[in-house]
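See below for the structure under consideration.
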Amino acid sequence: EVKGSKLHVGALARHVEIHNSEIVKDKLPILAEVAAEIGDNQVRNMGTMGGVVAHADAAGDYPTIALMLDAEIVTNKRSIAAKDFFKDLFTTPLASNEIVTEVVFPVANGPHKYIKFRRRLFDWAIVGAAAQKMNGDWRIGLTNVGPTPVRATAVEDALRKGAKPEEAAQHASDGLNPSGDLRASPEYKKHLARVLTRRAIEQAT
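Sequential numbering of the sequence shown, starting at 16, is according to the working numbering.
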């Protein structure tokens with residue numbers, strides 16, 4: 016549902032519904048594209064916006080978009096800015112009697128791209144990078160390079176000052192301290208952050 020310059024996505028909206036929504040494709044196409052890349056068919060037909068956001072997994076895709084675009088997570092009690100919602104890995108400020116009811120995104124239909132590097136097509140992102148041009152400036156978000164999603168403000172600042180994508184993307188790893196796992200070492204995740212950020216900016220349409 017669109018209200019003014021905001022896109023309201025209900026917590027129970029399934030990934031397949033978000034992907035197929037003509038409203039989402041028109042008002043926030045990056046979200047529709049992200050939904051299409053989540054898991055496999057079973058996951059896309061059962062998983063929801065609210066589930067991914069409330070779970071607060073660093074490898075989740077929606078949280079990156081929410082943080083990058085300054086979305087609001089609305090509960091049955093209050094509205095919480097995305098930057099204040101993702102506290103740590105699997106950690107949010109939700110109380111025991113509180114549930115997510117919707118996520119409110121700004122309308123943004125300019126050039127955009129989300130790229131995630133993964134071992135198999137339906138796997139979680141080893142690292143992901145999102146780019147969205149909004150109100151004349153770039154917003155850059157990173158997935159799975161820390162305990163929470165990351166907004167790459169150093170890249171945004173470099174682009175704002177006129178740096179080329181390949182130059183600006185070198186700042187994607189600034190301040191990152193990712194933990195290693197079975198799929199990637201910390202240094203490899205930093206490398207992926209730089210490479211995927213450059214690709215996301217260059218491929219944004």
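We put the CB at the ideal spot given by N, CA and C, even for glycine. Bear in mind the structure is a predicted one, so any value in this text is a computation, not a measurement.
For residue i, the three-state DSSP class (helix, strand or coil)
i, result
"residue 122", "coil"
"residue 84", "coil"
"residue 143", "strand"
"residue 133", "coil"
"residue 160", "coil"
"residue 207", "helix"
"residue 154", "strand"
"residue 188", "helix"
Length of the line joining the Cα atoms of residue i and residue j
i, j, result
"residue 84", "residue 205", "22 Å"
"residue 50", "residue 197", "25 Å"
"residue 61", "residue 54", "10 Å"
"residue 67", "residue 77", "7 Å"
"residue 33", "residue 214", "24 Å"
"residue 99", "residue 36", "28 Å"
"residue 192", "residue 208", "12 Å"
"residue 154", "residue 173", "11 Å"
Option nearest residue i by Cα separation, candidates the options
i, options, result
"residue 170", "158, 183, 199", "183"
"residue 159", "112, 39, 211", "211"
"residue 58", "181, 91, 98, 29", "29"
"residue 41", "121, 27, 132, 88", "121"
"residue 118", "127, 38, 65", "65"
"residue 188", "165, 93, 79, 20", "165"
"residue 114", "26, 220, 149", "26"
May I have a chain-ordered list of the beta strand (DSSP E) segments no shorter than 3 residues that lie completely inside the region 16 to 44?
Counting only runs of 3+ residues, the beta strand (DSSP E) found wholly inside the region 16 to 44 occupies 21 to 25, in chain order.
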